[in-house]
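See structure below.
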Amino acid sequence: MNAIIENMKTRRSIRGYKPDRMPARELIEQVIEAGTYAPTGRGMQSPVIVAVTNKAVRDRLSKLNAEVLGTTSDPFYGAPVVLVVLADRNRPTYLYDGSLVMGNLMNAAHAVGLGSCWIHRAKEVFNSPEGKELLKKWGIEGDYEGIGHCVLGYPADENAPAAKPRKPDYTVWVE
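Positions 56 to 230 (the working numbering) are the ones given, in order, by the sequence shown.
Structure (structure tokens):
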């Protein structure tokens, strides 16, 4: 089977990380680069990826996300890296563009031996006053919406979860 398709079939959302084992910057950069090659509407590249490896900032994002969720637990599952995907609301395809970036990030993470998971609530986090303050501090100006947080790291459990069986009516052929 094609290696890329096999990678897509074996990737899983990882919900437990070794918090003190930071991936090498080179691996994170490879994942990010793959994200920048996601298709975007009219090739306009509406998304922006913010790479967070600073523990204090990562913990602040976790706290903001947990507040939206209504919990005090870490919604990032201990992952030491958070890749925030934002997209420019002025592009009609921004939501799809950002979603494709998220998919590329997760598939690339698996390809380089890292675990990943899409964590929602980025929209709410970056619509909040504190989230808007972070964007300003990071030099991100414009009408950006949070699409997702792609958390990265080394899985706490070396055994990836098994794939759920695919539903029988997943594909409809019209011939």
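No residue lacks a Cβ here, since even glycine has one placed at the ideal position from N, Cα and C. Owing to the predicted nature of the structure, the values given are computational and were not obtained by experimental measurement.
Practice prompt. Specify, as a first and last residue, the run of the alpha helix (DSSP H) that HIS25 falls within.
Written response: With the chain covering 56 to 230 only, the question about residue 25 has no answer from this structure.
Worksheet entry | Segments assigned beta strand (DSSP E), at least 3 residues, entirely inside the segment 81 to 145 | Listed in chain order, the beta strand (DSSP E) runs fully inside the segment 81 to 145 are 102 to 107 and 136 to 143, counting runs of at least 3 residues.
Item to complete: Indicate whether ALA134 and PRO216 have their beta-carbon atoms separated by less than 9 angstroms.
Response: As a working note, residue 134 is residue 79 in the sequence shown. As a working note, residue 216 is residue 161 in the sequence shown. Result no, Cβ atoms of ALA134 and PRO216 do not sit closer than 9 angstroms.
Worksheet entry | Span of the alpha helix (DSSP H), counted from its first residue to its last, around ILE174 | Numbered from 1 along the sequence shown, position 119 holds the residue referred to as residue 174. From DSSP, ILE174 is part of no alpha helix (DSSP H) but of the beta strand (DSSP E) over 170 to 174.
Worksheet entry | Closest Cα partner of GLN100 within the set TYR199, SER117 and ALA211 | To locate residue 100, count along the sequence shown from 1; it is residue 45. The shortest C-alpha separation from GLN100 is found at TYR199.
Worksheet entry | Range of the contiguous alpha helix (DSSP H) that encloses GLY186 | As a position in the sequence shown, residue 186 is number 131, starting the count at 1. Counting along the chain, the alpha helix (DSSP H) containing GLY186 begins and ends at 184 to 192.
Worksheet item: On the premise that LEU150 lies in contact with ILE195, defined as a C-beta separation below 8 angstroms, what is that separation, rounded to the nearest angstrom?
Response: Residue numbering aside, residue 195 sits at position 140 when the sequence shown is read from its first letter. Residue numbering aside, residue 150 sits at position 95 when the sequence shown is read from its first letter. About 17 angstroms; that fails the 8 angstroms criterion.
Fill in: DSSP-derived helix/strand/coil call for GLU230
Your numbering for residue 230 matches position 175 in the sequence shown. Of the three classes helix, strand and coil, the one that applies to GLU230 here is coil, per DSSP.
Discussion item. Please report the distance separating the alpha-carbon of TYR92 from that of ASP152.
Written reply: Position 37 of the sequence shown, counting from 1, holds the residue named residue 92. Position 97 of the sequence shown, counting from 1, holds the residue named residue 152. A direct Cα-to-Cα measurement between TYR92 and ASP152 gives close to 11 angstroms.
Worksheet item: For the putative contact between LEU207 and LEU169, defined by C-beta atoms under 8 angstroms, what is the C-beta separation to the nearest angstrom?
Response: On the sequence shown, residue 207 is found 152 positions in, with the first residue counted as 1. On the sequence shown, residue 169 is found 114 positions in, with the first residue counted as 1. Taking 8 angstroms as the upper bound for CB-CB distance, LEU207 and LEU169 are in contact here, some 5 angstroms apart.
Worksheet item: Quick one, are the C-beta atoms of VAL112 and GLU179 less than 9 angstroms apart?
Response: Mapped onto the sequence shown, residue 112 falls at position 57. Mapped onto the sequence shown, residue 179 falls at position 124. It is not a contact, given that the beta carbons lie outside the stated cut-off.
Fill in: Rounded separation between ARG176 and GLY203 - CA only
The residue given as residue 176 occupies position 121 in the sequence shown. The residue given as residue 203 occupies position 148 in the sequence shown. If you take the alpha carbons of ARG176 and GLY203, they lie about 7 angstroms apart.
Worksheet item: Roughly how many whole angstroms lie between the Cα atoms of ILE104 and ILE83?
Response: To locate residue 104, count along the sequence shown from 1; it is residue 49. To locate residue 83, count along the sequence shown from 1; it is residue 28. Rounded to the nearest angstrom, the two C-alpha atoms are 12 angstroms apart.
Discussion item. Which same chain residues end up closer than 6 angstroms to SER68 when comparing Cβ atoms and leaving out the 5 residues on each side of it in sequence?
Written reply: Working through the sequence shown from its first residue, we reach residue 68 at position 13. CYS172.
Worksheet item: Per DSSP, what kind of secondary structure is ILE202 in: helix, strand or coil?
Response: Locating residue 202 in the sequence shown gives position 147, counting from the first residue. Three-state DSSP puts ILE202 in a strand.
Worksheet item: How should THR95 be labelled, buried or exposed, when 16 other C-beta atoms within 10 angstroms of its C-beta is the threshold for buried?
Response: Position 40 of the sequence shown, counted from the start, is the residue given in the question as residue 95. Counting Cβ neighbours within 10 Å, THR95 comes out buried, since at least 16 surround it.
Fill in: Short Cβ contact (9 angstroms threshold) for ILE174 with ASN109
What you label residue 174 is simply residue 119 of the sequence shown in a count that begins at 1. What you label residue 109 is simply residue 54 of the sequence shown in a count that begins at 1. Result no, Cβ atoms of ILE174 and ASN109 do not sit closer than 9 angstroms.
Item to complete: Check the DSSP bridge columns for TYR209 and list the partner residues they point to.
Response: The residue you call residue 209 lines up with position 154 of the sequence shown. DSSP output for TYR209 lists no bridge partner at all.
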